[in-house]
Amino acid sequence: MSTSQRGILILDFGSQYTQLIARRIREQHVYSEIVPHDIAASEVARHNPYALIFSGGPSSVYTSAATRYDREILALKLPMLGICYGLHLLSDYHGGRVENLNQGEYGFANLEIDDDNNLLAQVPGGTQVWMSHQDQVVELPPEWKILAQSSNGIVAAIGNQSAQRYAVQFHPEVAHTVDGATILHNFMFKIAGCRPDWTPGNFISQQIDRIRATVGEGQVLCGVSGGVDSSVVAALLHRALGKQVTAVLIDHGLLRKNEAQQCVAALRHGLGVNIQLVDESRRFLTRLEGVSDPERKRKIIGEQFIRAFEHSARGLGAYQFLAQGTLYPDLIESGGAQLGPAAVIKSHHNVGGLPDDMDFELIEPLKDLFKDEVRRVGSELGLPESLIARHPFPGPGLAVRIIGEITAERLEILREADDIYLNVLHEENLYHEIWQAFAVLIPVKTVGVMGDARTYENLLGLRAVVSVDGMTADWFRLPQEVLSRISNRIVNSVTGINRVVYDITSKPPGTIEWE
Ligand code: XMP
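Residue numbers for the sequence shown, in the working numbering: 20 to 534.
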């Protein structure tokens, strides 16, 4: 990450795979950033990237509805790679012709590689690639050459080696393209001259400099939730500012067994962070009394959280900065990705519902990172693996895993059962194969027999899913003997549960949580 020339810019023309391009590049330790397709050439130049990538997208270059972009960008003297629609765009701009010959390719194809070239170096002939296109190049731009064709006879890669411009019809960023990483590697290192300096260590030292420069002698308040992102923010700020940072964990009483204590121990005793644990569980439970509707639960918890945070913030003194663990995908999804390295900090007056008179500047040091990168930064900062590799956990916590009304007794039952479930998954080395696993307390009582006595107790649901981003998910195929062990252990040791069921619904049609 040099402060002068920096990473690769990806112009997003609306492909469903744009985020994947960014990830694949960063996996090879080169910084990458997604920018909107209509970014101005002057803005691109201001970024000073090593190279540009034009993503795929749904439109056709030859229609009046083609996605607009600043043609001046193509006049910049930078290495460029077009992917799918990006190939059509580069080809069209440089004087080639793109048409729809009703000969689309969707899914696997194999490459016939026509020439020795830097882009496809070390890629064997016949390699499998992933296609998803209808339009194709029917006439090459002057001075461009075909580098590969697909097994269907369609132009699959083209280039103008002396101008350092290349384009591929297939998607090197998806896992189905067997040599995709090699192709991206060739573009970054053989063509664009990138340096592999996007590492957790570099990220941390760069952020420390920026945070110090911004905060100066000021005081920072850091909200911690018990999860990975906010813990990493607290650890990073502590490394940068020491005693100028106060972290606060509001315990709403809806966390898992020992979760708040473990997080506080890792930060306070492990790293020396000044963290306050504020027990607000009574107040939250009182406000949730008699509430069964999931959306009302969420609303109450959200409002109460803001109130509790505001209250403890005021009690802790004067703070000019508020730090939070916003990640890159949060910004991309909300369409709010900020441009440029200076955007690490932005002024904010009403953070997530805090009152207007609480005037903070917002610090979001993880706003350039994907989740897996946050985990690597957390490891480098010395946070324990048990915290870093934890499954995602929803803000409203166990409240959305107790179907129906929440009571202290039901929370206790669920906490115990959930803890046993997760412990068995750890013992069986299955925890890390699963994206998210949890227990759900269902407001149904069923009859059982234990010893010689009839029981009439609660039903418990177990959920385990595999997923990439939580948007879609499949239920995890837990081995029968493991299911059996979990069920036995829970029914034998948790008073109040006498039956266990396993959820075999994918998402869609189900959601991951039950509420
Ligand atoms: P669903 O249930 O919608 O969940 O398939 C997808 C992912 O989001 C988490 N989730 C939440 N996270 N507040 C959060 O912070 C919420 O209200 C919430 N609801 C669901 C869920 O745990 C899963 O990882």
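For every residue, glycine included, the Cβ atom is placed at its ideal position computed from N, Cα and C. This structure is a prediction, so every number in the text was calculated from the model and none was measured.
Helix, strand or coil at residue i [DSSP, three-state]
| i | result |
| --- | --- |
| L159 | coil |
| S23 | coil |
| D387 | coil |
| L273 | coil |
| H445 | helix |
| C282 | helix |
| A252 | One detail in the question is off: residue 252 reads as Val in this sequence, not Ala. In this structure, V252 counts as helix in the three-state DSSP scheme. |
| L402 | coil |
| H257 | helix |
| M150 | strand |
| R409 | coil |
| S169 | strand |
| V243 | strand |
| E424 | coil |
| F206 | helix |
| L39 | helix |
| G126 | strand |
| G199 | helix |
| A418 | helix |
| E534 | coil |
| L373 | coil |
| R231 | helix |
| A436 | helix |
| A211 | coil |
| S224 | helix |
| V193 | coil |
Spatial neighbours of residue i in its chain, beta-carbon cut-off 6 Å, leaving aside the 5 residues before and after
| i | result |
| --- | --- |
| P411 | Q455 |
| N119 | Q153 and D154 |
| M99 | L71 and R184 |
| I364 | Any reading at I364 must be qualified, since the residue scores a pLDDT of 42, below 50, and its modelled position is unreliable; the value itself is stated next. The residues are T233 and I382. |
| S34 | S74, G75 and G76 |
| I210 | P98, N137 and Q183 |
| S151 | Y125 |
| H195 | W149 |
| F32 | H56, S74, G76, T86 and Y104 |
| T542 | One cannot answer for residue 542 here, as it falls past the ends of the chain, which runs 20 to 534. |
Check whether residue i and residue j have beta carbons under 9 Å apart
| i | j | result |
| --- | --- | --- |
| T86 | Y69 | no |
| G172 | W149 | no |
| I432 | V513 | yes |
| W533 | V419 | yes |
| V80 | T146 | no |
| E308 | L341 | no |
| Y450 | T465 | no |
| Q280 | L296 | yes |
| V187 | Y36 | no |
| L478 | V443 | no |
| I132 | L273 | no |
| I407 | V292 | no |
| L255 | L400 | yes |
| L417 | S250 | no |
| L106 | V156 | yes |
| E392 | P219 | yes |
| E447 | P498 | yes |
Same chain, Cβ closer than 7 Å to residue i, five either side skipped, listed in chain order
| i | result |
| --- | --- |
| L28 | E52, V54, V63, H66, P68 and L71 |
| D387 | Y347 |
| L109 | F73, M99, G101, R184 and A186 |
| T345 | E383, L385 and K386 |
| R42 | F389 |
| Q141 | T201 |
| P160 | S110, H113, G114 and G115 |
| V485 | I453, W454, A492, D493 and F495 |
| I516 | I432, A436, E476, N477, L479, I509 and V510 |
| D522 | G480, L481, R482 and W494 |
heavy atom of the ligand ATP below 8 Å from residue i C-beta
| i | result |
| --- | --- |
| P415 | Looking at this structure, you won't find the ligand ATP anywhere; what it does contain is the ligand XMP. |
Same chain, Cβ closer than 8 Å to residue i, five either side skipped, listed in chain order
| i | result |
| --- | --- |
| Y440 | A456, F457, A458, L481, I505 and I509 |
| F328 | G242, V267, I269 and L373 |
| E158 | G115 and R116 |
| K276 | R434, E435, D437 and D438 |
Cβ of residue i within 9 Å of any chain D Cβ
| i | result |
| --- | --- |
| I27 | The structure shown contains no chain D; it is built from a single protein chain. |
Report the residue ranges of all beta strand (DSSP E) runs contained in full by the region 451-515; include only those spanning at least 3 residues, in chain order.
-> 455-469 and 472-485, all fully within the region 451-515.
In chain order, which alpha helix (DSSP H) runs of at least 4 residues are fully inside the region 289-363?
-> 300-307, 313-335 and 347-352
In the region 49-113, which residue ranges form an unbroken alpha helix (DSSP H) of at least 4 residues, counting only runs that do not cross its ends?
-> You should have 60-66 and 104-112.
Pairing CB atoms from the region 199-206 with CB atoms from the region 294-309, are three or more of them under 8 Å?
-> no
Would you call the region 231-239 and the region 325-345 touching, i.e. three or more CB-CB distances under 8 Å?
-> yes
State whether the region 393-404 contacts the region 43-50, with contact taken as three or more CB pairs (one from each stretch) at a distance under 8 Å.
-> No, because fewer than three Cβ pairs between the region 393-404 and the region 43-50 fall closer than 8 Å, the two stretches do not touch.
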